[in-house]
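Take my numbering: the last position of the sequence shown gets the number 140, and nothing is skipped along the way.
Glycine included, C-beta positions come from ideal geometry on N, C-alpha and C.
Keep in mind that this is a model prediction, so the values were computed, not measured.
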Amino acid sequence: MGISETKQLLKIGEVATSSGLPVKTIRYYEEIGLLIPTVGRSQVGYRLFNEAVLNRLAFIKRAQSLGLALTEIKDILAVHDEGELPCCEVKEHLQAKVAIVSEQIQALETLRAELNGILSGWQEHPPAHLIEQTICPNIQ
């Protein structure tokens with residue numbers, strides 16, 4: 001490998017620093033197939049990556065921040081790796097995520113209403129006969 005080629009390649013530590021991800025995470029992403037396999041190894045055995053890995057890691061981080069699972073991200077990246085623009089796949093995953101979030105919001109609103117109902121009828125000093133029968137009569 002020539003000197004000019006080596007300058008364009010990044011050691012895993014440099015990738016970690018540039019991406020803000022731990023080395024362990026980068027190794028894991030490579031292991032599960034999220035990252036393009038390393039270009040090779042340096043003379044002392046360090047993994048070497050093309051600079052393009054930084055863009056890929058930025059995409060992975062952003063997709064995760066939007067709630068996508070690593071398996072979903074892997075599917076999207078597979079489309080990209082085939083030379084296709086994966087925007088349709090991204091949109092489908094995000095639409096599914098919106099539906100899930102909407103369900104979670106509904107469940108949380110139901111829980112909030114239940115909690116507010118309990119609190120609105122809260123008895124600081126419940127009757128003695130209720131205390132003997134339950135642990136906390138306000139919620140039983």
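Where residue i falls: helix, strand or coil (DSSP)
{"i": "G2", "result": "Summary for G2: the model assigns pLDDT 48, below 50, so the residue's position carries little reliability; its value from the coordinates is reported in the next sentence. Reduced to three states, the DSSP call for G2 is coil."}
{"i": "N55", "result": "helix"}
{"i": "N116", "result": "helix"}
{"i": "G40", "result": "strand"}
{"i": "L66", "result": "coil"}
Inter-residue spacing [alpha-carbon to alpha-carbon] between residue i and residue j
{"i": "T38", "j": "Q8", "result": "13 Å"}
{"i": "H129", "j": "I139", "result": "15 Å"}
{"i": "S18", "j": "I36", "result": "17 Å"}
{"i": "L108", "j": "V101", "result": "10 Å"}
{"i": "R47", "j": "L68", "result": "27 Å"}
{"i": "P86", "j": "F59", "result": "12 Å"}
{"i": "L21", "j": "G40", "result": "20 Å"}
{"i": "G121", "j": "Q133", "result": "19 Å"}
Residue j beta carbon less than 7 Å from that of residue i
{"i": "I26", "j": "V15", "result": "yes"}
{"i": "V23", "j": "I12", "result": "yes"}
Nearest-angstrom beta carbon gap, residue j and residue i [assumed within contact, 8 Å]
{"i": "K97", "j": "L66", "result": "7 Å"}
| query | Is there contact here, the stretch 91-107 with the stretch 62-75, by at least three beta-carbon pairs under 8 Å? | reply | yes
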